[in-house]
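A.B. asks: Heads up: the sequence shown is residues 0 to 1174, going by this note's numbering. We put the beta carbon where it would ideally sit given N, CA and C, even for glycine. Values in this document were obtained by computation on a predicted structure and should not be read as measured data.
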Amino acid sequence: MPFFYGNRRGGAGGSFGHTFLPTSNTKPKILRKSSGTRRRNPFSPSSTFFAIGITLSLLLFFAVFLRYGVPSHLSSSSSSSSSSNLKNSQLVRRPSIRRSTHKTDGSGAGVAKRSGGEISAARVDITTKDLYDRIEFLDIDGGAWKQGWQVKYDGNEWDEEKLKVFVVPHSHNDPGWKLTVDEYYNRQSRHILDTIVESLSRDARRKFIWEEMSYLEKWWRDASDLKRERFTNLVKNGQLEIVGGGWVMNDEANSHYFAIIDQIIEGNMWLNDTIGFVPKNSWSIDPFGYSATMAYLLRRMGFRNMLIQRTHYEVKKELSLHKNLEYIWRQSWDVDETTDIFVHMMPFYSYDIPHTCGPEPAICCQFDFARMRSFGYEYCPWGISPVETSPSNVQERASKLLDQYRKKSTLYRTNTLLVPLGDDFRYVSVDEAEAQFRNYQLLFDYINSNPTLRAEVKFGTLDDYFVTLREEAERKNYSLHGEIGSGELSGFPSLSGDFFTYADRNQDYFSGYFVSRPFFKAVDRILEQTLRASEIMVSFVLGYCQKLQCSRLPISFSHKLTAARRSLALFQHHDGVTGTAKDHVVEDYGTRMHTSLQDLQIFLSRAVEVLLGDIHDKRDPTVLASFEPEQTRSRYDVQAVHRILDIHEGQSHSVVFFNPLEQTRVEVVMVITSTPDISVIDSNGACVPSQVSPELQPYMKDKIFTGHHCLYWKASVPPMGLETYYVTRGFKGCEKAALAEVKIWPDLGSLTCPFPYTCSKLEGEKAEIRNAHHTIVVDATHGLIEQIIHKDGRKTVLGEEIGMYSSIGSGAYLFKPTGEARTIIEKGGHFIISSGPLVQESYSVPKTKCSKAPVSHSTRIYKLENTMQELLIEKEYHVDILGGEFNDRELIVRFKTDIDNKRIFYSDLNGFQMSRRETYDKIPIQGNYYPMPSLAFLQETSGRRFSVHSRQSLGAASLKNGWLEIMLDRRLVNDDGRGLGQGVMDNRPMNVVFQILIESNVSALHSTKYLTLHPSILSHSVGAHLNYPMHAFVSRKEEAIPSKPSSGTFAPLSSSLPCDLHIVNLKVPQPLKFPQAQSVEPRFAIFLQRRGWDSSYCSRGELECSLVSNEPVNYFNIFKDLSVQNMKPTSLNLLHDDPEMLGYAEQRGNVGQEVNMVLNPMEIQAFKLELQQRT
């Protein structure tokens, strides 16, 4: 897409003789420590001063040695290891590369350790907060490099070390954007892959990189055996590198870390199984901002290097000025430097050819040789088009190109330079590829044949570049004086933080996509949680059934399981979950996810029957049909609805709950019934107290009650297990469900009271709903929360406000408001309170300044003693902004608290970690909006904290002191100039669910100026319950009320796991290979996360669970009836079995024995294992 003279949205031999450029097979040296600075100085090894210093150091060493002897942990290592008991061996952190000195300095890179805390802060050279504090955001016109400056060089920079340039051909293939993934494949991507094979096979000097496995897998299925063989040979000989190798190049703002891991596994494992290649370099040129979570996950997958492009243009300029565009990305909590990964940030506006060869796009465009003929690409907008290279012009052309290379190289520390050569869907024909390769080779030959130019240039892969750079950095030291750097690779600064919110020019911030198409952002999470539940169920069925008949169920389901993994993976694409694709492409994504959801729910329904029944049953498990999901979805673009249980006298419906979490779950559950005359009994035949309330109907102003009933009761479900309840009618042994009391404002005449409830008029203009922990005070005239009164009498102001922004220029990507959001709620409307012994709820259909209210909403509290549910406040917004009056409007909810947060708040990165956010006056509103994938909180220095957990990804800001606002939906008429060519007008009615938590700390809180805060244990649990809800299944047919219920419980875990230990996933990576794979490799994989938590809050937050630090977990005894065998640590993509290489801990002793393994806070680790039923 041409804009700002860029692309869419952004915009025969081959050796050099005794070249500095190694082949791609050269292995980099790693973990070398710093050895000085780049220029010769008194500390260089050749100086006398250096020799004296070494002598004194040796004398001091021997003095210490004679006084203290050998350190005990070294002198005793042999004996201790020989006498160690394998059953008590532990998984421990390997020694850090360099032990950091814990201190706080003025750089913003402080490392003050939390008092009594679980997590410290890393010491680094640069934080992204430092950058934002320092940058003035003036958007100064830099001339030819519009967002930089006039770059110059002296000419002697390459006298000692010649310039080594790698030109890396690439083609960016979006798996869906303007066309669907299948349309793109058939029209372009299949031909591009054909072209790569043909063009690279003609000349061994040619190189290429490819990223998206979603396209490669399609091509592989269609390709002939000869094409497959040639492709594989190109990968093996280093001409073609697969970079990243995920199913897609995922978004980093909205995607949850579960989905990111899963999509990379899907791509990497397919690639390894098919071609035998495992990627080690990441290429991420098009996501709109970058998350530190991605750096962590890649490091733990065995990646060594990353390349990124879309960061704020002012950040690029600041880093360029100090030659910090290449750095070591370190997690903010990593004091041991085990998460360090090398990053190359591209310096210019876009990844297209005009913006990659150097700082002057008008010149670089002249070297995009696909533009000089009728290949269908636009001519250079600067007026000078490329020309064919010939003997008569090669000197002039090569000099001009080399000048750009030299200027670009001055922005980096080393003399190894990366120059991408590609754009969206390039190299679609052999003729186009030949135009690029032929002309560039002539230019390369000229430069390389002239030694006085002090440059060597050739086609390369990403690995060629990183290998050469690392080799140069090891030979020469580019560290600056006082730089902390990293033991991973010396010569570069260390950095922590993330790169949100991205702006590509002027005040155009990409914060709109945090919210665009929120309906499908919600479907994404539903598919994720359903896929995870299915993976767990597949593991249990195969673990218990093995060679029994019931093992046929998951094996026959394997193809659909793979399709579901790929549906979720595809939507993680940076134009999928972002909501930035054409309408028909969004429909394609939605249809794929809907189909997979249907398939998964069918499997889960059958798996429930297998696990609750007799596993020795000889019936075909693939035709079981006793249960069906309690919620059903009729189309891809509508929300799921509850099935209505229509129960006759003397009959019952069984309801089975699956708890996907690792702790026993006690919470209020709900089903919809057609009658209020209902009782509930559990699987032991005991009566369960219950409540019925009238079902409320969103979006209906005059008919709010549906005539059906919400049946609530307290359910207790074992960890990762199943529990059965029976909803009965006419059971004489139990009391009927208690009827809720209903109060209506402004008067009873405004609505018809539903039968058989008692309705009364709500007196006054204030209303309250309460439980033992808090009282919610609501302004009934507007239907909005005013304050929270806590059980100790403290009050928290919570001024709920619903408003709208007006926008000019906003689109799928950009948020460009014309001013502040204005409230839309007026006095009036309908307000209802429903109160019962388990649930109290207020429901508001507000009067608004619009002809149709764009939102109605509920506030719920639960009355369930000693449970987490009683501690939270639930908000549900029913959003519907269809209609012309909402054009170019963005709907927000704002919580105006009395918390003195100084406009600082914290939002999560991918559901994995928190990031500190600060509102800056020098940045417009849209630049102060940040992604909120699942959590945001405010906190004041006294420690009072206000948290909002979300069930889906949205955008959030704290524009004024004490405010937290969250955008709910947006409707934009026009395109925002980033290539999509349309607005966002396909809104769907949807529900947005938040759970609010107000906490006070129990220990003093130090200054938070440089410290990223973390959720409490309670907050982690709230988020887990919200994002991994219980799955409910109901019997298809009515049954007679059981006089003695059969066993309806399945409890696979020995006991609940600690609160801070999370099973991210338990899966069979390759279920189709399950029957024959046992003798080769463990067939199961488990992913474990030790949550990092804020120790200044109550460690358990009134939860009845343990902590890993108090009760270490024996992973071999996690499962009650399944034995764990052959367990070994592996990478997060399941392809590397050396944990130390991944930066993990090393195992002391044999992992195959029964051991207590320790995982450090914040870490996720995968293990391969075998599960067998205990005999």
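Residue 405: which of 783, 150, 728 and 1124 sits nearest, CA to CA?
C.D. replies: When only C-alpha atoms are compared, the closest one is 150.
A.B. asks: Quick check on the DSSP output: the alpha helix (DSSP H) that includes residue 517 runs from which residue to which?
C.D. replies: Start and end: 517-544.
A.B. asks: Any chance you could list the beta strand (DSSP E) runs of at least 3 consecutive residues sitting entirely within the segment 977-1047, in chain order?
C.D. replies: List check, beta strand (DSSP E) in window: 989-998 and 1030-1034.
A.B. asks: Tell me whether residue 513 sits in a helix, a strand or coil according to DSSP, three-state version.
C.D. replies: Residue 513 falls in the helix class under three-state DSSP.
A.B. asks: Excluding the 5 residues preceding and the 5 following residue 257 in the sequence, name in chain order all residues of the same chain whose CB lies nearer than 8 Å to its CB.
C.D. replies: For residue 257, where only same-chain residues beyond five positions count, the Cβ hits under 8 Å are 527, 531, 910, 1063 and 1064.
A.B. asks: Using a Cβ distance threshold of 8 Å, determine whether the segment 618-633 contacts the segment 641-657, with at least three qualifying pairs required.
C.D. replies: Counting Cβ pairs under 8 Å, three or more are found: they touch.
A.B. asks: Terminal residues of the continuous alpha helix (DSSP H) containing residue 435?
C.D. replies: Here the alpha helix (DSSP H) through residue 435 covers 429-447.
A.B. asks: Nearest CA to the CA of residue 773: which residue from 720, 757 and 864?
C.D. replies: The candidate whose alpha carbon is nearest that of residue 773 is 864.
A.B. asks: Report the rounded CA-to-CA distance for residue 575 versus residue 245, giving the unit in angstroms.
C.D. replies: The alpha-carbon atoms of residue 575 and residue 245 are separated by roughly 15 Å.
A.B. asks: May I have a chain-ordered list of the beta strand (DSSP E) segments no shorter than 3 residues that lie completely inside the segment 625-671?
C.D. replies: Correct list: 626-628 and 650-657.
A.B. asks: Tell me which residues share the same chain as residue 618 and place their Cβ nearer than 8 Å to its Cβ, disregarding the 5 neighbours each side in the sequence.
C.D. replies: Closer than 8 Å at the Cβ level, and outside the excluded window around residue 618, lie 548.
A.B. asks: Between residue 717 and residue 770, how many whole angstroms is the CB-CB distance? I'm expecting something under 8 Å.
C.D. replies: That belief does not hold up - the Cβ atoms of residue 717 and residue 770 are roughly 26 Å apart, past 8 Å.
A.B. asks: Between residue 594 and the rest of its own chain, which residues show a CB-CB distance below 6 Å, the 5 nearest in sequence each way excluded?
C.D. replies: Answer for residue 594: no residue qualifies.
A.B. asks: Note down the Cα distance separating residue 1083 from residue 261, rounded to an integer number of angstroms.
C.D. replies: Whole-angstrom Cα-Cα distance: 15 Å.
A.B. asks: Which two residues bound the contiguous alpha helix (DSSP H) that contains residue 224?
C.D. replies: First-last of the alpha helix (DSSP H) with residue 224: 224-235.
A.B. asks: Measure the alpha-carbon distance for residue 33 versus residue 485 and round it to whole angstroms.
C.D. replies: At residue 33, the pLDDT of 37 sits below 50, so the modelled position is not reliable and the matter cannot be decided from this model.
A.B. asks: Hey, how far is the Cα of residue 715 from the Cα of residue 206?
C.D. replies: Near 59 Å, if we compare the C-alpha coordinates of residue 206 and residue 715.
A.B. asks: Quick check: what's the CA-CA separation for residue 1174 versus residue 1057?
C.D. replies: Straight-line Cα distance between these residues: approximately 27 Å.
A.B. asks: Could you pull out every unbroken alpha helix (DSSP H) segment of at least 4 residues lying fully inside the segment 924-987, listed in chain order?
C.D. replies: If we require 4 residues or more, the segment 924-987 turns out to have no alpha helix (DSSP H) run fully inside it.
A.B. asks: Exposed or buried, what is residue 940 when buried is set at 16 or more other beta-carbons lying within 10 Å of its beta-carbon?
C.D. replies: It counts as exposed.
A.B. asks: Could you tell me the alpha carbon to alpha carbon distance between residue 504 and residue 637, rounded to whole angstroms?
C.D. replies: Answer to the nearest angstrom: the Cα atoms are 37 Å apart.
A.B. asks: On the DSSP letters alone, give me the boundaries of the beta strand (DSSP E) that residue 339 sits inside.
C.D. replies: Premise fails: residue 339 is in no beta strand (DSSP E) and is neither H nor E.
A.B. asks: Where does residue 85 land, buried or exposed, given buried means 16+ other C-beta within 10 angstroms?
C.D. replies: With a pLDDT of only 30 at residue 85, under the threshold of 50, the placement of this residue in the model should not be trusted; the figure read from the coordinates follows. The residue in question, residue 85, is exposed, as its Cβ has fewer than 16 Cβ neighbours within 10 Å.
A.B. asks: Going straight from the alpha carbon of residue 309 to that of residue 977, what length do you get?
C.D. replies: So the two alpha carbons sit approximately 13 Å from each other.
A.B. asks: Going by alpha carbons, who is nearest to residue 121 out of 339, 415, 297 and 467?
C.D. replies: Residue 339 is the option with its Cα nearest to residue 121.
A.B. asks: Can you pull the DSSP bridge partners for residue 146?
C.D. replies: Beta-bridge pairing links residue 146 to no other residue.
A.B. asks: Tell me the DSSP secondary structure of residue 1173 in three-state form.
C.D. replies: Residue 1173 falls in the coil class under three-state DSSP.
A.B. asks: Touch check for the segment 221-230 and the segment 292-300: three-plus C-beta pairs under 8 Å?
C.D. replies: They do not touch, by the three-pair rule.
A.B. asks: Rounded to the nearest angstrom, what separates residue 1167 and residue 1087 at their Cα positions?
C.D. replies: For residue 1167 and residue 1087, the distance between alpha carbons rounds to 11 Å.
A.B. asks: Alpha carbons only, please: which of 604, 525 and 611 is nearest the one belonging to residue 570?
C.D. replies: The residue with the shortest Cα to Cα distance from residue 570 is 525.
A.B. asks: What is the rounded straight-line gap between the Cα of residue 36 and the Cα of residue 1128?
C.D. replies: Reliability of the predicted coordinates at residue 36 is poor, the pLDDT of 37 falling under 50, and no value is obtained from them.
A.B. asks: In whole angstroms, what separates the C-alpha of residue 270 from that of residue 670?
C.D. replies: Taking the straight line joining both Cα atoms gives about 44 Å.
A.B. asks: I'd like the ranges of any alpha helix (DSSP H) spanning at least 4 consecutive residues and lying wholly in the segment 337-407.
C.D. replies: You should have 360-363.
A.B. asks: Can you give me the Cβ contacts of residue 778 inside the same chain, cut-off strictly under 6 Å, excluding the 5 residues immediately before and after it?
C.D. replies: Hits under 6 Å: 785.
A.B. asks: Applying the criterion that 16 or more other CB atoms from any shown protein chain within 10 Å of the CB defines a buried residue, is residue 794 buried or exposed?
C.D. replies: Exposed, since its Cβ has fewer than 16 Cβ neighbours within 10 Å.
A.B. asks: Using the C-alpha atoms, what's the distance from residue 839 back to residue 668?
C.D. replies: Their backbone Cα atoms lie some 14 Å apart in a straight line.
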